[in-house]
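Novice: Residue numbers (our numbering): 235 to 666.
Dropping a structure here in structure tokens format, bear with me for questions.
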Ligand SMILES: *Cc1c(COP(=O)(O)O)cnc(C)c1O
């Protein structure tokens with residue numbers, strides 16, 4: 235039997251939070267709306283573990299949605315922040331640190347000639363699209379159903395993840411004009427992309443894609459899909475944008491571009507790049523990037539862009555990732571081990587399931603068909619996921635509170651943590 239954990243302090247904080255914060259949270263997926271119950275309020279975290287305000291410990295499979303790839307409160311990052319904080323937290327003037335960060339990123343990732351720092355993944359994607367439009371002189375973009383590129387207006391059309399969790403299809407506040415410039419194709423469907431391009435000949439500025447989708451669970455690119463998009467973009471003079479906010483510095487030091495051997499024209503980053511500080515970036519080919527102000531006239535700016543504390547945190551983490559490539563090997567092996575363990579439990583359980591995995595991203599869908607795009611992700615059994623989520627939470631395993639989110643492994647996880655997670659899954663499923 236799985237005992238209910240005591241989370242009374244979290245419950246009362248959630249009551250209090252709702253009086254001054256919309257829905258009690260500063261980002262919707264934290265609200266637990268799709269899985270039911272109230273969110274867990276966190277007090278602190280170290281390595282692979284989260285500690286809540288009721289004194290419970292959890293094995294963390296969210297890693298702040300990706301950034302804490304080497305675990306929480308990673309000592310070199312904490313020390314770097316402590317060292318730099320007394321110098322002031324912002325200057326609004328350039329620093330050498332920003333050059334070092336840019337040089338480091340360019341040395342790790344293929345095809346990045348110039349890179350601009352921003353403060354979130356949303357900003358990075360929004361700016362990349364503006365740049366693609368400014369560069370091509372065309373207005374429309376193609377995105378994929380269930381892919382999330384942040385909450386800028388152009389992207390809030392069939393945007394997966396948070397919106398899918400809340401079953402939001404169209405977003406009030408996004409004008410029809412903006413929505414009409416956003417064309418949507420199913421992921422892994424090249425024919426649908428070709429059809430959209432045929433219907434909008436010479437009007438498409440950019441195709442933006444999550445190379446490995448992570449905002450509808452983890453969904454892999456079909457063989458030839460990304461290569462096909464690359465070819466179409468070359469033929470039609472369309473800017474090909476990889477949204478690597480999730481995959482960047484996670485799938486490998488050079489992200490999905492390096493891992494999959496495909497080069498985009500522009501790439502966006504977030505999450506891991508800031509080691510948990512608010513950081514994003516967009517970069518790519520010189521010929522496109524030089525249209526950004528002050529080099530060109532596509533305007534983009536940020537008071538806190540390249541913030542020194544955020545830069546030293548991100549720089550310290552990226553440097554570790556660059557100099558220790560075995561980290562990716564270890565993460566892959568751990569995730570493969572978890573995959574095998576879960577597979578064994580689920581296959582004995584007797585009900586349909588799908589486990590998708592790429593590198594250190596993994597997800598379970600309770601589905602009797604392969605999950606290859608948004609439609610197949612959305613038709614999985616969400617009631618089962620809810621039950622599974624809560625049964626795991628009560629056993630001290632913190633999974634993403636939505637079936638539309640990938641799990642992110644961090645390298646502080648031990649094989650004992652993974653064994654515990656597999657055993658907890660066994661108990662959870664046999665309790666249904
Ligand atoms: C999280 C995410 C974003 C948005 O990043 P924020 O920092 O939350 O604004 C964009 N694209 C992808 C693929 C993401 O996973």
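Idealized CB from N, CA, C, for every residue including glycine.
Within 10 angstroms of the Cβ of residue 653, are there 16 or more other Cβ atoms? Answer buried if so, exposed if not.
Specialist: Exposed is the call here.
Novice: Work out the CA separation of residue 258 and residue 515 for me, nearest whole Å.
Specialist: Cα to Cα, residue 515 sits roughly 29 Å from residue 258.
Novice: How about residue 382: is its Cβ closer than 8 Å to a heavy atom in ligand 1?
Specialist: Within the cutoff, so yes.
Novice: Secondary structure at residue 597, three-state DSSP: helix, strand or coil?
Specialist: It is a strand residue.
Novice: Determine, using beta carbons only, whether residue 637 and residue 600 come nearer to each other than 9 Å.
Specialist: The answer is yes: Cβ separation under 9 Å.
Novice: Put residue 241 into one of helix, strand or coil per three-state DSSP.
Specialist: Here residue 241 sits in coil by DSSP.
Novice: Less than 9 Å between the beta carbons of residue 328 and residue 540, yes or no?
Specialist: Result yes, Cβ atoms of residue 328 and residue 540 sit closer than 9 Å.
Novice: So the beta strand (DSSP E) residue 280 belongs to, where does it begin and stop?
Specialist: Start and end: 276 to 280.
Novice: Please return the same chain residues whose Cβ sits closer than 7 Å to the Cβ of residue 538, not counting the five positions on each side in sequence.
Specialist: Here the set comprises 324, 353.
Novice: Nearest chain B C-beta to residue 565 closer than 9 Å, yes or no?
Specialist: Looking at the structure shown, chain B is missing, and only one protein chain is on hand.
Novice: For residue 511 and residue 547, which I take to be in contact (beta-carbon distance under 8 Å), what is that distance rounded to the nearest angstrom?
Specialist: Rounded, the Cβ-Cβ distance is 5 Å, consistent with contact.
Novice: In three-state DSSP terms, what is residue 416?
Specialist: Looking at residue 416 - three-state DSSP - the assignment turns out to be strand.
Novice: Taking the straight line between their C-alpha atoms, what separation do you get for residue 598 and residue 608?
Specialist: For residue 598 and residue 608, the distance between alpha carbons rounds to 14 Å.
Novice: Between residue 375 and residue 438, is the Cβ-Cβ spacing less than 9 Å?
Specialist: Their beta carbons are under 9 Å apart, which means residue 375 touches residue 438 by this criterion.
Novice: Relative to the C-alpha of residue 453, which candidate in 333, 256, 380, 441 has its C-alpha closest?
Specialist: The shortest Cα separation from residue 453 among 333, 256, 380, 441 belongs to 380.
Novice: Kindly list the residues whose CB is nearer than 8 Å to the CB of residue 417, restricted to its own chain and excluding five residues on each side of it in sequence; keep chain order.
Specialist: Same-chain partners within the cutoff: 374, 375, 376, 377, 430, 434, 438.
Novice: Could you give the distance in angstroms between the alpha-carbon of residue 391 and the alpha-carbon of residue 524?
Specialist: If you take the alpha carbons of residue 391 and residue 524, they lie about 29 Å apart.
Novice: Assuming residue 275 and residue 287 make a contact with CB atoms under 8 Å, what is their CB distance in whole Å?
Specialist: So it is a contact: roughly 5 Å between Cβ atoms.
Novice: Quick check on residue 623: does DSSP put it in helix, strand or coil?
Specialist: Correct three-state label for residue 623: helix.
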